[in-house]
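> So in the working numbering, the last spot in the first sequence is 702, and the numbers never skip. C-beta atoms are modelled at their ideal positions from N, C-alpha and C, and glycine is treated no differently.
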Amino acid sequence: MALIGAFMERTLINDLRSQVGQVVTIKGWLQKLRDQKKMQFLVVRDHTGAVQVVFEKAANEELAAKISALTAESALKITGLLIDNPIVKMGGLELQLQSVEVENMAESPLPLDPFAETLPDMDYRLDWRYLDMRRPEVALIFRVQTTAEMAMREYWIKEGFREMHSPKLMGSPSESGAELFEVQYFDRKAFLSQSPQFYKQMAMSAGYDKVFEIGPVFRADPSFTSRHMTEFTGVDVEISWIDSHEDVMKFHEEWVAYIYQRVKEVHGEEIKAMLGVDVVVPETPFPRLTMSEAYAVLKAQDYALPPERKGDIDPGGERLLGKYVKEKYGNDFVFIIDWPIAVRPFYHMRHADNPGLTKSFDLLANGLEITTGAQREHRMEVLLKQAVEKGLTAEPIQFYLDFFKYGCPPHGGFGMGLNRFVMVLLGLNNIREATYLFRGPNRLSP
RNA sequence: GGGGGCGUGGUGUAGUGGUUUAACAUGCGGCCCUGUCAAGGCCGAGACCGCGGGUUCAAAUCCCGUCGCUCCCGCCA
Numbered sequence: 257m258a259l260i261g262a263f264m265e266r267t268l269i270n271d272l273r274s275q276v277g278q279v280v281t282i283k284g285w286l287q288k289l290r291d292q293k294k295m296q297f298l299v300v301r302d303h304t305g306a307v308q309v310v311f312e313k314a315a316n317e318e319l320a321a322k323i324s325a326l327t328a329e330s331a332l333k334i335t336g337l338l339i340d341n342p343i344v345k346m347g348g349l350e351l352q353l354q355s356v357e358v359e360n361m362a363e364s365p366l367p368l369d370p371f372a373e374t375l376p377d378m379d380y381r382l383d384w385r386y387l388d389m390r391r392p393e394v395a396l397i398f399r400v401q402t403t404a405e406m407a408m409r410e411y412w413i414k415e416g417f418r419e420m421h422s423p424k425l426m427g428s429p430s431e432s433g434a435e436l437f438e439v440q441y442f443d444r445k446a447f448l449s450q451s452p453q454f455y456k457q458m459a460m461s462a463g464y465d466k467v468f469e470i471g472p473v474f475r476a477d478p479s480f481t482s483r484h485m486t487e488f489t490g491v492d493v494e495i496s497w498i499d500s501h502e503d504v505m506k507f508h509e510e511w512v513a514y515i516y517q518r519v520k521e522v523h524g525e526e527i528k529a530m531l532g533v534d535v536v537v538p539e540t541p542f543p544r545l546t547m548s549e550a551y552a553v554l555k556a557q558d559y560a561l562p563p564e565r566k567g568d569i570d571p572g573g574e575r576l577l578g579k580y581v582k583e584k585y586g587n588d589f590v591f592i593i594d595w596p597i598a599v600r601p602f603y604h605m606r607h608a609d610n611p612g613l614t615k616s617f618d619l620l621a622n623g624l625e626i627t628t629g630a631q632r633e634h635r636m637e638v639l640l641k642q643a644v645e646k647g648l649t650a651e652p653i654q655f656y657l658d659f660f661k662y663g664c665p666p667h668g669g670f671g672m673g674l675n676r677f678v679m680v681l682l683g684l685n686n687i688r689e690a691t692y693l694f695r696g697p698n699r700l701s702p
């Protein structure tokens, strides 16, 4: 703040209180103009707040006319004397306008009025996302996301993690049947990465011990739901020298609790006031349900699982489990562990005493799947055998298999959807709300 | 890929066979009033009811097709 003030003539609206009695300059948007006979009132907003600006028309008719011509949401620079005025409902402050500079006049009418009583459809809001995002509630979502990512990094750094940036262009499809986007790559084909999975495991083989990556993930799945996107931000973690997936879960839950705690500290009150959501720091450890226990719970509640999908849980079942765990343990989070090999990829390690089950987990948050994790199979012969069992051939994944030839430690990790995480954290009902610019099967712009 | 729902002024909605020259709110334009502050009052512009076809004396309203959006399932994060 002080640094900016040193070379920029501007006071943030949130900092005005300390400048009473001085001439200050604010920069922001005209949220409301109340143009009266003798007086003009302007509500001006920047990214920190809003303040009332007042002008007495008789003082300067020319300036008054200039103000009258201002349109809603124009970008303005206003200089005036800041006074304390308890009558003003907006913080008891008032800026007595001396000059106004129009940096960018907004066309009128606005295609989307950020301060209208009713909110347009999501799709329309996405068409005019930059206007939609002027709403303080939307701005809050992305301030929270920033804090959340900061907290993630704080925790990682403290634990000795290294940040990786793996390539998103790949020469061959990595995981078997995954839906990949194909792109033209000079005179051949390339694919957009649908997970940094293999590359973060390579870092384990490189001896980096613990790594994380926050980056884009592409999925060519034509999914039309409130929680799927074709491009999203993945949060990936991989940890070496673990004994089992339990070690990964232990890290995961403490890390999540820390993020919640930081977000609550920094934004808790605002979130409550603007979004009506109480950020509750979850108790650790999170409850754990094995797949068979999860099935028993669902069966006890007469939930009918689709018979042909044996070994998996459908979204309705996940929501019910979330509700069950909330009631029984008072926790929004639950790990579903030990998934059958049929529904897990070849690289998940299997239980030594039960080869039909993997040492894997999903993390459900309020009944929504936000994370998949596992201990990885680091013994090359076993890995290859499991790949073949899944119908894969060695050639396309040979580069991956090679990671395990020269001293790769036992390891495991998880991949979490950042947007889903923010969605659950803030109680948003659609992933588009938690995403800067949504990408779906039918949306590539703006 | 399968299924459901919805498409009415800029936006959000009402109207679901004939008093519809399509209503209401908000926004926009004009005027009036007012140290205003969810401002108030009056007036005005703005929709061939997504598109195409059909049924009917009569369609925003029913049927078919089509496009768009949306949610659910599948898939996943």
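(1) My understanding is that Phe468 touches Asp443, with C-beta atoms under 8 Å, so please give their C-beta distance in whole angstroms.
(2) Just to confirm my understanding: we take Ile626, look at its own chain, exclude 5 residues before and 5 after, and list those with CB closer than 6 Å. What are they?
(3) Let me make sure I understand the geometry here. Which of Lys424, His634 and Met547 has the alpha-carbon closest to that of Tyr441?
(4) Does Leu693 come out as helix, strand or coil in the three-state DSSP assignment?
(5) Is the beta carbon of Asn622 less than 9 Å from the beta carbon of Val537?
(6) Closest to Ala325 by CA distance: which of Ile687, Glu363 and Leu349 is it?
(7) Identify the residues that DSSP records as bridge partners of Arg301: which are they?
(8) Throw me the rounded Cβ distance for the Ile323 and Val356 pair, which I believe falls under 8 Å.
(9) Relative to the alpha-carbon of Leu300, which residue among Glu317, Glu633, Trp285 and Leu366 has its alpha-carbon at the smallest distance?
(10) What residue range does the alpha helix (DSSP H) around Leu620 cover?
(11) Kindly confirm or deny that the stretch 406-423 and the stretch 442-460 touch, where touching means at least three C-beta pairs closer than 8 Å.
(12) Using 9 Å as the threshold, is the C-beta distance between Phe507 and Pro543 below it?
(13) Report the CB separation of Tyr514 from Ala407 in whole angstroms; it is logged as a contact under 8 Å.
(14) Would DSSP call Glu415 helix, strand or coil?
(15) Give the secondary structure of Gly725 by DSSP, where H, G and I count as helix, E and B as strand, and everything else as coil.
(16) Report the three-state DSSP secondary structure of Arg688 (helix, strand or coil).
(17) Check whether the stretch 517-537 and the stretch 626-639 touch, using three or more Cβ-Cβ pairs below 8 Å as the test.
(18) Between the C-alpha atoms of Val553 and Phe694, what's the straight-line distance to the nearest angstrom?
(19) Residues in the same chain with beta-carbon distance under 7 Å from Gln401, minus the five sequence neighbours each way, listed in chain order, please.
(20) I'd like the list of long-range same chain contacts for Pro370, defined as Cβ closer than 6 Å, with 5 residues on each side in sequence excluded.
(21) Examine the ligand GTP and report whether any of its heavy atoms sits within less than 8 Å of the Cβ of Leu613.
Considering the structure as presented:
(1) Position 212 of the first sequence holds residue 468. Position 187 of the first sequence holds residue 443. Not a contact, Cβ separation roughly 35 Å.
(2) Position 370 of the first sequence, counted from the first residue, corresponds to residue 626. Around Ile626: Leu619, Met672, Gly673, Arg676 and Phe677.
(3) Mapped onto the first sequence, residue 441 falls at position 185. Nearest option by C-alpha distance: Lys424.
(4) As a first step, residue 693 must be located in the first sequence, where it is residue number 437. In this structure, Leu693 counts as coil in the three-state DSSP scheme.
(5) Along the first sequence, read from residue 1 onward, the residue named residue 622 stands at position 366. Along the first sequence, read from residue 1 onward, the residue named residue 537 stands at position 281. Their beta carbons are not under 9 Å apart, which means Asn622 does not touch Val537 by this criterion.
(6) For the purposes of this step, residue 325 is identified with residue 69 of the first sequence, where counting begins at 1. Nearest of Ile687, Glu363 and Leu349 to Ala325, Cα basis: Glu363.
(7) If you number the first sequence from 1, residue 301 lands on position 45. DSSP output for Arg301 lists Trp285 and Ala306 as bridge partner(s).
(8) For the purposes of this step, residue 323 is taken as the residue at position 67 of the first sequence. For the purposes of this step, residue 356 is taken as the residue at position 100 of the first sequence. Between Val356 and Ile323 the Cβ distance is about 7 Å, and since that is below 8 Å, they are a contact.
(9) Residue 300 sits at position 44 when you count from the first residue of the first sequence. Checking the sequence, you will find Val at residue 300 rather than Leu. Of the candidates Glu317, Glu633, Trp285 and Leu366, the one whose C-alpha sits nearest the C-alpha of Val300 is Trp285.
(10) As a first step, residue 620 is located in the first sequence; it is residue number 364 there, counting from the start. Where Leu620 is concerned, there is no enclosing alpha helix (DSSP H), although the beta strand (DSSP E) it sits in stretches over Ser616 to Ala621.
(11) yes
(12) Sequence index remark: in the first sequence, residue 507 carries index 251 (1-based). Sequence index remark: in the first sequence, residue 543 carries index 287 (1-based). No, they are not a contact pair.
(13) Position 258 of the first sequence, counted from the start, is the residue given in the question as residue 514. Position 151 of the first sequence, counted from the start, is the residue given in the question as residue 407. Tyr514 to Ala407, Cβ: 6 Å. Contact.
(14) Numbered from 1 along the first sequence, position 159 holds the residue referred to as residue 415. Note: Glu415 maps to coil in three-state DSSP.
(15) Outside the displayed range of the chain (257 to 702) lies residue 725, so it cannot be described from this structure.
(16) As a first step, residue 688 must be located in the first sequence, where it is residue number 432. Arg688: helix per DSSP, three-state reduction.
(17) no
(18) Position 297 of the first sequence, counted from the first residue, corresponds to residue 553. Position 438 of the first sequence, counted from the first residue, corresponds to residue 694. Spanning the two alpha carbons is a distance of roughly 35 Å.
(19) Position 145 of the first sequence, counted from the first residue, corresponds to residue 401. Closer than 7 Å at the Cβ level, and outside the excluded window around Gln401, lie Val678.
(20) Reading the first sequence from its first residue, position 114 is the one you call residue 370. For Pro370, where only same-chain residues beyond five positions count, the Cβ hits under 6 Å are Leu387, Arg390 and Arg391.
(21) With respect to the ligand GTP, the structure offers nothing, as it holds no ligand at all.
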